[in-house]
Amino acid sequence: MREPKPGKRSRKKCVLCCCGICTAVIVLVIVILIILAFTVFKPKDPELTVNSVTLNGLDVNLANILTSPNPSVGIDLDTKVTVKNPNYASFKYRNTTAYIYYHGKEIGDSSIEAGEIKSRSSAQLDLPVSVKITGDLFNSNLTTDLLSGILPVATRVEIRGTANFLNIIKLKNARSNSYCELQIFLSNSTLKDIDCKNKFKI
Numbered sequence: 641m642r643e644p645k646p647g648k649r650s651r652k653k654c655v656l657c658c659c660g661i662c663t664a665v666i667v668l669v670i671v672i673l674i675i676l677a678f679t680v681f682k683p684k685d686p687e688l689t690v691n692s693v694t695l696n697g698l699d700v701n702l703a704n705i706l707t708s709p710n711p712s713v714g715i716d717l718d719t720k721v722t723v724k725n726p727n728y729a730s731f732k733y734r735n736t737t738a739y740i741y742y743h744g745k746e747i748g749d750s751s752i753e754a755g756e757i758k759s760r761s762s763a764q765l766d767l768p769v770s771v772k773i774t775g776d777l778f779n780s781n782l783t784t785d786l787l788s789g790i791l792p793v794a795t796r797v798e799i800r801g802t803a804n805f806l807n808i809i810k811l812k813n814a815r816s817n818s819y820c821e822l823q824i825f826l827s828n829s830t831l832k833d834i835d836c837k838n839k840f841k842i
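Sequential numbering from 641 applies to the sequence shown in the numbering used here.
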């Protein structure tokens, strides 16, 4: 039986060596990608920050509080927020909604259309809400608050969306909330004691 020529042995060893190197490189790249996927490129929740809450309008007749059988107050609030996308991928958010509460009950909301925030960027969102608080729903509370001259309300802004990195790493149903409690001073139509808290949740 003939033995392989030295040249063929050398070529065979070279091919095996190249295959081994290629395999090692592929494995190394996969390991690096996995490490990056769980560190640098790991999807993170958006960061929602309330920049300001402004009272743009207040419709109330303080002189008729006791005589009116059904007192009411009209409020126009404007909430400005910043949404920061900390990911190395775009963040697509669905409809963003601002809610207004009075004594724990939702009395109004406002939404803006869905959009997209580029990687590691921020977006400024403006959410105006107009509501009317009527005595038929909050008769005792509303009369008491109107007589005190202070109307306590709360706002909540919620944003939901998805972060997607190369269609490989996805963060679905990312959600961020901001809840603010504030007081409306009826005598001079100003806001005071604004206290906001942020919460990030998947």
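Note that beta-carbon positions come from the ideal geometry of N, C-alpha and C, so glycine has one too. Treat the numbers as computed from the prediction; the structure is a model and nothing was measured.
| query | result |
| --- | --- |
| For chain C, find out if any of its Cβ atoms is closer than 8 Å to the Cβ of Asp716; answer yes or no. | The displayed structure is made up of one protein chain only, and chain C is not part of it. |
| In the DSSP output, what is Gly789 paired with across the bridge? | Answer is none; Gly789 lacks a bridge partner. |
| Exposed or buried, Leu656, counting other C-beta atoms within 10 Å across all chains shown (16 or more means buried)? | exposed |
| What do you reckon, is the C-beta of Cys820 under 7 Å from a heavy atom of the ligand ADP? | As presented, the structure is devoid of all ligands, the ligand ADP included, so that no description of it is given. |
| Over the uninterrupted beta strand (DSSP E) stretch that includes Ser751, give me the two end residues. | 745 to 752 |
| What residues are listed by DSSP as bridge partners for Val700? | Per DSSP, none; premise fails for Val700. |
| For Val771, collect the residues of the same chain with a Cβ closer than 7 Å to its Cβ; drop the 5 residues on either side in sequence, then sort them by chain order. | Ile715, Ile740, Ile747, Gly748 |
| DSSP beta-bridge partners for Leu717? | Leu695, Val769 |
| With a 10 Å radius around its C-beta and 16 neighbouring C-beta atoms as the bar for buried, classify Gly789 as buried or exposed. | exposed |
| Please identify the residue among Tyr742, Val769, Ile824, Asn727 whose C-alpha is closest to the C-alpha of Ser762. | Asn727 |
| Helix, strand or coil, according to DSSP, for Leu656 in the structure here? | helix |
| At the level of alpha carbons, what is the spacing between Leu786 and Leu695? | 17 Å |
| Below 8 Å, how does it come out for the stretch 796 to 803 and the stretch 658 to 671: are there three or more Cβ pairs, yes or no? | no |
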